[in-house]
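Contents: one structure, followed by commentary.
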Amino acid sequence: MRSAFYGLEIARKGLRAAQVNLELSAHNIANANTEGFTRQQAIQRAIPPTMAVSLFETTAATRIGGGVDIQEIRQIRDGFLDLQFRRENRGLGEWEVKKNTLSYIEAIFNEPSDSGISTAINEFFNSLQALSMNPEDATTRAAVQQRTLALTETIRDVYIKLEGLQSELNQNIIFKVQDINSYATRIAALNEQIFNFEVTGRKANDLRDERNLLLDGLSKLVDVNIFEDSLGRLRVDMGGGRMLVSHTESFRLDVVRRSDSLTHPQYPKNNHVDVGGLVDVIWQSSGEIVRISGGELKGLIDMRDGIGGTGTLPGEDQFSGVPTELSGSGISRFLAAAPNKNDSYGVPYYMRMWNHFADTLMITFNAVHRQGYNLAGATDINLFSDGTATFDYSNPRQPVARFITISDEVRNDWNNIATIFLDDTDIAAGIAPDEARGNNKNILRMLDLRHNTFIEDIPNIETFTKGLISTLGVASRQAADMNHNQETLTEEMSRRRESISSVSIDEEMSAMVRFQHAYNASARMLTAIDEMLDVLVNRVGIVGR
Amino acid sequence: MRVTNGMLITNMMRNYRRNLNRIEDYQNQLASGKSIRRPSDDPSGASKALKLRSDLSMNEQYIKNTDNALSWLNITETALRDIGDSLQRARELTVQAANETLTPENRAEIANEIEQIQQHIFQVSNSTYAGRHIFAGFRTEAPAFSQGTGAIVFEGNAGEIAFEVGVGNRIAVNVTGGSSGVDIVGLYATLEDLKNDLRNSVMVPNVDSYLTSIDTFSRQALAHRSAVGAKSNRFEMIRARLLDSEVNFTDLLSKTQDADIAEVVMNLKEAEAVYNASLATGARIIMPTLVDFLR
Chain A
1 MRSAFYGLEI ARKGLRAAQV NLELSAHNIA NANTEGFTRQ QAIQRAIPPT
51 MAVSLFETTA ATRIGGGVDI QEIRQIRDGF LDLQFRRENR GLGEWEVKKN
101 TLSYIEAIFN EPSDSGISTA INEFFNSLQA LSMNPEDATT RAAVQQRTLA
151 LTETIRDVYI KLEGLQSELN QNIIFKVQDI NSYATRIAAL NEQIFNFEVT
201 GRKANDLRDE RNLLLDGLSK LVDVNIFEDS LGRLRVDMGG GRMLVSHTES
251 FRLDVVRRSD SLTHPQYPKN NHVDVGGLVD VIWQSSGEIV RISGGELKGL
301 IDMRDGIGGT GTLPGEDQFS GVPTELSGSG ISRFLAAAPN KNDSYGVPYY
351 MRMWNHFADT LMITFNAVHR QGYNLAGATD INLFSDGTAT FDYSNPRQPV
401 ARFITISDEV RNDWNNIATI FLDDTDIAAG IAPDEARGNN KNILRMLDLR
451 HNTFIEDIPN IETFTKGLIS TLGVASRQAA DMNHNQETLT EEMSRRRESI
501 SSVSIDEEMS AMVRFQHAYN ASARMLTAID EMLDVLVNRV GIVGR
Chain B
1001 MRVTNGMLIT NMMRNYRRNL NRIEDYQNQL ASGKSIRRPS DDPSGASKAL
1051 KLRSDLSMNE QYIKNTDNAL SWLNITETAL RDIGDSLQRA RELTVQAANE
1101 TLTPENRAEI ANEIEQIQQH IFQVSNSTYA GRHIFAGFRT EAPAFSQGTG
1151 AIVFEGNAGE IAFEVGVGNR IAVNVTGGSS GVDIVGLYAT LEDLKNDLRN
1201 SVMVPNVDSY LTSIDTFSRQ ALAHRSAVGA KSNRFEMIRA RLLDSEVNFT
1251 DLLSKTQDAD IAEVVMNLKE AEAVYNASLA TGARIIMPTL VDFLR
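Just so you know, the sequences run in chain order A and B. As numbered in this note's numbering, residues 1 to 545 make up the first sequence, in order. As numbered in this note's numbering, residues 1001 to 1295 make up the second sequence, in order.
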């Protein structure tokens, strides 16, 4: 036999449920534009009738449920989409960095334009051509002197800007490491809050949103794997399965300055061309270098360290010597092997190629220039120098591209440009160097270097610059395309996520109307039961009065 | 698929951005007139443009070089023509001097004219181009010949000056006054002998041997002159070819890197239309929700 007041309790539960749902709609609407907010839904369930069979109950058919119960407030979220989004977001971070960096390198080379390196080269050779027709003339010599100066300045300018870019990338890596540490700390703190909250059996929906937003942000920086166990403890792995966050504990990353030595056992300098002060990203606890396989941090590291290969590279480990054709005796130069760990085409690749180009230019032009005679009949004069007093033309100071300049001799007196060269015929004719001012043969020999440098991997100057610019163009284009793809993918993922998780005002409005009616109806029910009880309590059994 | 208000707005913003980017790109192309502004716009086109630019720059320089070579050769030719003409006159005078009716005074007059011819040949042999003595071999800074008593001396050398008028294409432009070129020293000496004979001898000199050597020198000068002329023709042909190449290179370069204005304008107009449409859609997307109808 049920209590007469049972209906009141059911109606009360109906009111309560409608109220909770209305409040939940209000919460959803209020957060419609909150970043990372996931819409929430109340899961309600009908309360089954009590199973205890009473002695007086005649039939089970009259059993009625106990109204409604709100079981939990649930987030509408698809964990699989989170996984996909974070994977694509990692690619986006990497390619965004690469695209921006390569686009900046394009701006440094400034080609095709009227002020880039190819113009400087063209003008340098044209001034030599003019000199070949008028080797005695002071103004033509002055023009060559100035064009030579301009060419070396352009080379240095490009190289110094590339070095600056490498330093900036390094600085950015340090910032990103701080970011990652900050993310890790915040995620660990949230893990603790969420865990403590959920111990009571409720869901910490809004804290979870906050944590998901942090995980999204972190996924753009590095490659992360996220696991949550059945007890609600979250672990974040990165860098080849190492823990970054383990529940309430976070493991910090750190940076350590690389050694200046190429053979340092732990943190060696990677490439010959690298600027000083580059850092390795390490685990603070063990000092081990972090292996990073994605995200902005990978983009930055690839761009900072990528030299386009590993092992022995032309213009890096082994510089070309002075070719036999030019010096009479081949002079070789060797540098110690560099680790060259990163084979992406980053800033060091362009530095290496640029330096190789400058080195080739200096070595070959000096070799030819030294064999010629100036107007006074003197020989062994350099055209280029590395700016040091102890300049050795067969082994200039590295990186040449940073130091290359016009030699002091030619800077001080353009008559020192060695235009004169006496070939076998001239020597047979008994011509002395000091009576051959009209001789332009050494200029012609220098002009030959444009089409044949005698150095293996730089067959000629045009092919080299053309090749470098087209490599850069292709790489930059590819990065831009990849970036665009990743953008499209992350956009699609986030659209699908939004489709499931974001708040729809229309839906919330319909829900509001629905639960408003439900509330009204439950209230009406309460009134009906009240009337019923009124009849029972106040009117029943007063007939005889 | 469930679509929410937030999604509509995100999409709208994304499309705005995309359309604006396209408009920016076309506007840049129009403003610069170039379809390739950085290598990544068109990597192969950019490297082709680089090559064409340097080809064009070389070509322009080679045209300058041929112009220079032609001027040099013109001056050489003028000088050789002068020498040839002078020799012609000397020959006439020699034939005249053979006339036995001439008095010693008449012969002295002829001798004086021969002396003038000598002076002229000496001066012409020291011709310069832009301050450079063209017959002096490598010693262009000083006169090719100096004058002593009754003789001139070649001060230059046999150096051959070549101009580059194409990749690896070098052509010598100078004729030297030494023994390998026109033998001006010998020529001068012959005239000197003739002059002295006319002045000193009472007899008619041995005209035949003088005529023979004058003819030899004439032929020599003429041979060099026609060689110079042939060389000039060669430079003219090279120059014509270089000018053709310049037109071709310029045309190719323009096709490679210049924007097709008509096409870009069309594209820009189209992009503008799309942008306007996306703005119009935007106005509809920020539309009333159910809220507006619930009273």
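Where is the CB? At the ideal position from N, CA and C, for every residue including glycine.
With respect to the alpha helix (DSSP H) encompassing N191(A), which residues constitute its N-terminal and C-terminal limits? Locating residue 191(A) in the first sequence gives position 191, where the first residue counts as 1. Note, N191(A): alpha helix (DSSP H), A138 to E198.
contact_flag[the segment 494-507 of chain A, the segment 37-49 of chain A] where n(CB pairs < 8 Å) is 3 or more: yes
Please list, in chain order, the residues of the segment 1136-1166 of chain B that have any C-beta partner in chain A closer than 8 Å. A1136, G1137, F1138, R1139, T1140, E1141, N1157, A1158, G1159, E1160, I1161, A1162, F1163 and E1164
Could you tell me whether the Cβ atoms of Y183(A) and A401(A) are closer together than 7 Å? Here residue 183(A) corresponds to residue number 183 of the first sequence, with the count starting at 1. Here residue 401(A) corresponds to residue number 401 of the first sequence, with the count starting at 1. Not closer than 7 Å, so no.
For the segment 1256-1271 of chain B, which residues have a CB atom closer than 8 Å to at least one CB atom of chain A, in sequence order? Q1257
Using 7 Å as the threshold, is the C-beta distance between S115(A) and L1050(B) below it? Taking the first sequence and counting its residues from 1, one reaches residue 115(A) at position 115. Taking the second sequence and counting its residues from 1, one reaches residue 1050(B) at position 50. Cβ atoms of S115(A) and L1050(B): not closer than 7 Å.
Here's a check: name, in chain order, each residue in its chain whose Cβ is nearer than 7 Å to the Cβ of E1160(B), leaving out the five neighbours to either side. For the purposes of this step, residue 1160(B) is identified with residue 160 of the second sequence, where counting begins at 1. Once the five neighbours on either side are set aside, the close Cβ partners of E1160(B) are A1172 and N1174.
At 3 residues or longer, and completely inside the segment 1192-1225 of chain B: list those beta strand (DSSP E) runs for me, N to C. none
Mind listing the chain B neighbours of M133(A)? Cutoff is C-beta to C-beta under 7 Å, in chain order. Looking up residue 133(A) in the first sequence gives position 133. Simply N1065, N1068 and F1163.
Endpoints, beta strand (DSSP E) assigned at A1172(B): The sequence position of residue 1172(B) within the second sequence is 172, counting from 1. A1172(B) -> beta strand (DSSP E) spans N1169 to A1172.
Contact defined as beta carbons within less than 8 Å: I believe R496(A) pairs with L81(A). What is the distance between those atoms, to the nearest angstrom? Counting from one through the first sequence, the residue named residue 496(A) turns up at place 496. Counting from one through the first sequence, the residue named residue 81(A) turns up at place 81. Contact flag correct, Cβ pair sits at about 6 Å.
Using alpha carbons as the reference points, say which of R1022(B), T1004(B) and M1007(B) lies closest to M1266(B). Here residue 1266(B) corresponds to residue number 266 of the second sequence, with the count starting at 1. Measuring from the Cα of M1266(B), the nearest candidate turns out to be R1022(B).
According to the Cβ coordinates, are L278(A) and A336(A) closer than 7 Å? Residue mapping note: residue 278(A) aligns to position 278 of the first sequence, counting from 1. Residue mapping note: residue 336(A) aligns to position 336 of the first sequence, counting from 1. Not in contact: L278(A) and A336(A) (Cβ atoms no closer than 7 Å).
State the DSSP-derived secondary structure class of R1091(B), mapped to helix, strand or coil. The residue you call residue 1091(B) lines up with position 91 of the second sequence. It is helical.
Give a yes or no on whether the minimum CB-CB distance between V1291(B) and chain A is below 7 Å. Taking the second sequence and counting its residues from 1, one reaches residue 1291(B) at position 291. For V1291(B), the closest Cβ of chain A is nearer than 7 Å.
Report the neighbours of Q1061(B) on chain A: residues whose CB is nearer than 8 Å to its CB, in chain order. The residue labelled residue 1061(B) in the question sits at position 61 within the second sequence. Ordered by position in chain A, the residues that pass the 8 Å Cβ test against Q1061(B) are F125, N126, Q129 and A130.
Below-7 Å beta-carbon distance, P112(A) vs any chain B residue: The residue given as residue 112(A) occupies position 112 in the first sequence. P112(A) counts as touching chain B.
Please classify E288(A): is it buried, with 16 or more other beta-carbons within 10 angstroms of its beta-carbon, or exposed? For the purposes of this step, residue 288(A) is taken as residue 288 along the first sequence, with counting starting at 1. With fewer than 16 other Cβ atoms within 10 Å, it is exposed.
Residues of the segment 367-384 of chain A with a CB closer than 7 Å to any CB of chain B: list them in chain order, please. none
Tell me, please, which residues DSSP counts as bridged to F1154(B). For this step, residue 1154(B) is matched to residue 154 along the second sequence. DSSP lists F1145(B) as partners of F1154(B).
Does any CB atom of chain A fall closer than 7 Å to the CB of R1002(B)? Within the second sequence, residue 1002(B) is the residue found at index 2, counting from 1. So, interface residue.
Can you give the Cα-Cα distance for D392(A) and L300(A), rounded to whole angstroms? If you number the first sequence from 1, residue 392(A) lands on position 392. If you number the first sequence from 1, residue 300(A) lands on position 300. Roughly 37 Å separates the two Cα atoms.
Simplified DSSP assignment, three categories, for L81(A): Locating residue 81(A) in the first sequence gives position 81, counting from the first residue. The answer is helix: DSSP assigns L81(A) an H, G or I state.
For the structure I just gave you, are there three or more beta carbon pairs, one from the segment 1147-1162 of chain B and one from the segment 1045-1060 of chain B, closer than 8 Å? no
Let me make sure I understand the geometry here. Which of V540(A), V513(A), G438(A) and V535(A) has the alpha-carbon closest to that of A1142(B)? Position 142 of the second sequence, counted from the first residue, corresponds to residue 1142(B). Checking every option, the nearest Cα to that of A1142(B) belongs to G438(A).
Closer than 7 Å between beta carbons: that is the criterion. Which residues of the segment 465-495 of chain A meet it against chain B? Contacts with chain B (Cβ-Cβ distance below 7 Å) from the segment 465-495 of chain A involve T465, K466, I469, S470, L472, G473, V474, S476, R477, A480, E491 and R495, listed in chain order.
Within chain B, the residues that L24(A) reaches when beta carbons sit closer than 9 Å: Taking the first sequence and counting its residues from 1, one reaches residue 24(A) at position 24. By Cβ distance, chain B contributes nothing, its closest Cβ being about 16 Å from L24(A), past 9 Å.
Looking at Q1029(B): is its Cβ nearer than 7 Å to the Cβ of A1259(B)? On the second sequence, position 29 is the one that residue 1029(B) refers to. On the second sequence, position 259 is the one that residue 1259(B) refers to. Contact: yes.
For V513(A), return the contacting residues in chain B, with the cut-off set at a CB-CB distance below 8 Å. Position 513 of the first sequence, counted from the first residue, corresponds to residue 513(A). Near V513(A) (Cβ distances below 8 Å), the residues of chain B are L1294.
Just by C-beta distance, which residues in the segment 423-455 of chain A are closer than 7 Å to chain B? D426, A429, I431, E435, A436, R437, G438, N439, N440, L444, L447 and H451
Name the chain B residues that come within less than 9 Å of V503(A), Cβ to Cβ? The count along the first sequence starts at 1 and reaches residue 503(A) at position 503. Simply T1004, N1005 and G1006.
With DSSP run on the structure shown, which of helix, strand or coil describes R1107(B)? Here the question's residue 1107(B) lines up with position 107 in the second sequence. Residue state, collapsed to three classes: helix.
Compute the Euclidean distance between the alpha carbons of H517(A) and E23(A), then round it to the nearest angstrom. Taking the first sequence and counting its residues from 1, the one referred to as residue 517(A) is at position 517. Taking the first sequence and counting its residues from 1, the one referred to as residue 23(A) is at position 23. Taking the straight line joining both Cα atoms gives about 14 Å.
Nearest residue (CA-CA) to R202(A), options F175(A), M238(A), G232(A) and E210(A): Counted from its first residue, the first sequence places residue 202(A) at position 202. Nearest option by C-alpha distance: G232(A).
Give a yes or no on whether the C-beta atoms belonging to L1093(B) and K1231(B) are separated by under 7 Å. Against the second sequence, residue 1093(B) aligns to sequence position 93. Against the second sequence, residue 1231(B) aligns to sequence position 231. Not a contact, by the Cβ cut-off of 7 Å.
I'd like to know if the segment 164-173 of chain A and the segment 124-136 of chain A are in contact, where contact means that at least 3 CB-CB pairs between them fall below 8 Å. no
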